[in-house]
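Here is the structure we will look at.
In full-length UniProt numbering, the protein residues as written are 1 to 261.
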């Protein structure tokens, strides 16, 4: 059937009055009689609630990606280390974080963390003290923390999803120290991306068998046993208590990536 024959007597419906707002067309009841975009831009006397609208948030999100990509583009090969912001400086896990940061730096990797206190500070500190490149990607939270003083390059984000993209894009591996919901969030985000092959050659190391062993066993005895994942998916996790072993996993994976690029 031709397009014209769809309408009686070959007539088209009358074109309704419309209003254009950039690429958007508004017709009938959706058409407003408000000011033009130029008027709203140039009239400083207008309301300020526009900065909280979703279209404006899109620009903020875009800006976060642009700033993040620009700031991190020249970062050398890096490893992201996660861990609890609540780890005290007199906790053995803090000293462990320092050693991991230093060992990664000595192996030629930049270190990336969430830039906060606790285990993140420890890792940044260890890398900085060893003369390595220490990166912190902060996040806006109700309880302001700020970047720890051991960060050489810091970027603050409003949105978790933009920050997560930077961790994945600019690091070659994740090492997870004992941590809370934030660490678990990043852990399973990485596992999902590797499982679905959105990223490749991306090892995830769980450091501390006493802390992570229960989770690993639950995944094995429940998630795998009930067929919710495949047997080889369990190989995406590497549990260890040895720093050299953790760095070895990272180095071998990075070498495998280099060999295919």
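Beta carbons: idealized from backbone N, C-alpha and C, even for Gly.
- For residue 222, the three-state secondary structure derived from DSSP is helix.
- By the beta-carbon neighbour count (other beta carbons within 10 angstroms, threshold 16), residue 261 is exposed.
- Residue 151 is not a Cβ neighbour of residue 114, given a cutoff of 8 Å.
- 8 Å or more divides the Cβ of residue 250 from the Cβ of residue 135.
- By the criterion of a C-beta distance shorter than 7 Å, residue 239 is surrounded in its chain by 206, 209, 212, 213, 216, once the five residues flanking it on both sides are discounted.
- Residue 155 counts as buried, since no fewer than 16 other beta carbons sit within 10 angstroms of its beta carbon.
- Counting every other CB atom within 10 Å of its CB across the protein chains shown gives residue 204 a total of 16 or more, marking it as buried.
- Per DSSP, the continuous alpha helix (DSSP H) segment holding residue 123 begins and ends at 119-129.
- Under the three-pair Cβ rule at 8 Å, the segment 155-169 counts as touching the segment 59-73.
- When the alpha-carbon of residue 105 is set against those of 88, 125, 256, the nearest one is in 125.
- Listed in chain order, the non-local C-beta contacts of residue 61 below 7 Å within the same chain comprise 159, 162, local neighbours out to five positions each way being set aside.
- Per the coordinates, the alpha-carbon of residue 139 lies some 46 Å from the alpha-carbon of residue 17.
- With contacts defined as CB atoms closer than 8 Å, residue 199 and residue 236 fail to qualify as a contacting pair.
- Between residue 247 and residue 52, the alpha-carbon positions lie close to 44 Å from each other.
- Between the C-alpha atoms of residue 231 and residue 224 there is a straight-line separation of about 7 Å.
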